[in-house]
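Residue numbers (our numbering): 1 to 459. We put the beta carbon where it would ideally sit given N, CA and C, even for glycine. What you are looking at is a predicted structure, and each value in this text was computed from that prediction instead of being measured. Below: the structure, in structure tokens.
As structure tokens, then:
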């Protein structure tokens with residue numbers, strides 16, 4: 001039978017049934033089975049969920065349902081997320097309906113309902129252009145690649161390219177280049193690849209920092225490299241005397257090969273994800289601010305006079321990922337989602353080691369981590385879609401610009417205040433420690449000899 005339209009419904013394309021949404025066993029293995037419910041003949045496949053909201057949704061209620069759906073997606077409750085997204089489909093604002101359809105398609109895809117997901121994304125394309133249209137074209141293009149329809153994928157990526165923000169155009173051009181190459185159009189392939197190389201750094205910034213750090217550390221390990229420790233290490237007495245560059249140059253030195261390896265491996269894993277989410281400029285800002293926060297925390301609270309290591313900066317990057325993933329729900333690839341999902345456990349393990357081993361200076365860890373958590377909370381990823389940005393639109397983004405600016409300024413004030421406090425402590429001799437053994441941020445082996453005055457451990 002025909003159901004009467006809700007007053008707030010608009011003309012939206014039909015979407016596939018979504019009642020039989022059963023999560024695959026390898027997705028939500030421990031979830032209890034949903035109770036079976038018989039449908040009356042002619043009944044709509046998915047009834048309005050029991051959300052405590054009856055009848056037409058207000059804009060505030062629709063926003064709340066989309067928020068809840070985004071949270072369910074982030075926790076892996078894809079079936080319930082689909083039901084919540086379906087509740088909003090038909091809302092009077094095309095942008096809200098498109099966001100709900102896009103989210104519904106993502107939920108169906110996670111439930112291995114590929115055909116339903118593609119049909120739902122294509123429904124977005126039948127609506128007037130909204131902030132979700134660009135993402136829907138990308139989802140459709142990726143689905144066509146998976147199904148082997150490369151020419152259809154090229155057409156979809158071209159549509160996405162017309163709507164893409166400037167930051168995404170190089171990535172789309174790169175995908176078009178590979179598709180053109182696969183379909184035998186070498187001329188178009190070269191043009192697309194040239195476009196993809198025209199924006200952004202030739203080498204990802206995390207790789208440049210990694211290479212520079214490895215080069216400086218190995219030079220410092222050499223027989224003639226001891227002067228680098230005197231020049232670049234976090235010498236807290238020197239910082240109190242105004243040598244503030246040491247708050248950052250400390251990240252270029254390490255206490256031994258194991259210490260260097262573990263820090264650089266962590267940077268290798270976390271750095272590219274942060275750069276993909278935020279871009280190279282914000283990545284560099286995060287790295288420098290978190291390095292300073294970790295160094296200042298060690299300056300104020302850490303034992304010892306000397307320290308080396310990039311742990312504060314790297315813990316900061318991990319903090320950014322952990323906080324942003326929980327707060328803003330960025331749309332990441334499967335490998336990145338898997339890595340981010342393990343960060344909480346990795347942080348707890350590292351902090352536990354830090355408290356158990358006296359030579360490890362957890363002050364640098366915690367200082368960088370707290371700064372990263374704060375930055376990830378404040379700043380919405382601008383280089384990837386988030387589940388909320390798909391329906392908030394420009395007004396929501398403009399409204400949030402003031403808070404990140406004030407929050408970053410407050411963090412810089414705290415770091416500057418820490419420098420003042422640490423300087424006063426050093427000058428007063430309240431925590432003066434003879435140069436030599438220094439607390440470390442990671443359990444690297446001793447590199448120094450006492451007559452050289454280098455750090456005995458790392459920070």
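Sheet register partners of residue 251 (DSSP bridge): According to DSSP, residue 251 bridges with nothing at all.
Beta-carbon spacing of residue 105, residue 117 below 8 Å: yes
Straight-line gap, residue 312 to residue 88 (C-alpha atoms, nearest Å): 43 Å
Same chain only: Cβ atoms within 6 Å of residue 25, ignoring 5 sequence neighbours per side: With a pLDDT of 34 at residue 25, under the threshold of 50, the modelled position of that residue is not reliable, and the figure given next carries that caveat. Within the same chain, and ignoring the five residues on either side of residue 25 in sequence, no residue has its Cβ closer than 6 Å to its Cβ.
Residue 345 - DSSP class collapsed to helix/strand/coil: helix
Beta-carbon proximity list for residue 386, same chain, < 6 Å, skipping 5 on both sides: 328, 329, 330
Residue 330 (DSSP reduced to helix, strand or coil): strand
Contacts around residue 128, its chain only, beta-carbon distance under 6 Å, and the 5 residues preceding and following it disregarded: 94
Counted within 10 angstroms of its Cβ, other Cβ atoms place residue 417 as buried (16 or more) or exposed: Label assigned to residue 417: exposed.
Own chain, CB closer than 6 Å to residue 225, minus 5 neighbours either side, in chain order: 219
Segment contact, 8 Å Cβ cut-off, at least three pairs: the region 286–297 with the region 353–369: yes
Beta-carbon proximity check, residue 159 vs residue 178, cutoff 8 Å: no
Among 250, 239, 205, nearest to residue 216 - alpha-carbon criterion: 250
When 267, 148, 384 are compared against residue 252, the one with the closest alpha-carbon: Taking the Cα of residue 252 as reference, the smallest distance to any Cα among 267, 148, 384 is reached at 267.
For residue 490, three-class secondary structure by DSSP: The question about residue 490 has no answer, for the chain in this structure spans 1 to 459.
Residue from 210, 411, 98, 351 with nearest C-alpha to residue 375: 411
Residue-level contact to chain C via CB, residue 419, 8 Å cutoff: Looking at the structure shown, chain C is missing, and only one protein chain is on hand.
Rounded separation between residue 261 and residue 210 - CA only: Spanning the two alpha carbons is a distance of roughly 10 Å.
Residue environment, residue 161, which counts as buried when at least 16 other CB atoms sit within 10 Å: buried
Same chain, Cβ closer than 7 Å to residue 101, neighbours up to 5 away in sequence not counted: 15, 89, 120, 123, 124
Extent of the continuous alpha helix (DSSP H) run through residue 263: 257–278
Exposure label - residue 151; buried when at least 16 CB within 10 Å: Flag for residue 151 reads exposed.
Residue 366 in three-state terms, based on DSSP: helix
Proximal residues to residue 318 (C-beta, below 6 Å), its chain only, five neighbours per side dropped: 270, 343
Pairwise C-alpha distance: residue 108 and residue 114: One C-alpha to the other measures close to 7 Å.
Endpoints, the alpha helix (DSSP H) within which residue 174 is located: 169–182
C-alpha distance - residue 170 paired with residue 195, whole-angstrom precision: 6 Å
Integer-rounded CB distance, given that residue 283 should sit under 8 Å from residue 205: Going by Cβ atoms, the distance from residue 205 to residue 283 rounds to 6 Å, so yes, they are a contact pair.
Expected contact under 8 Å - CB spacing of residue 279 and residue 173 to nearest Å: Incorrect: roughly 17 Å between the Cβ atoms, too far for contact.
Bounding residues of the alpha helix (DSSP H) (the contiguous stretch that carries residue 115): 114–125
Rounded Cβ spacing between residue 373 and residue 323 (contact assumed at less than 8 Å): 4 Å
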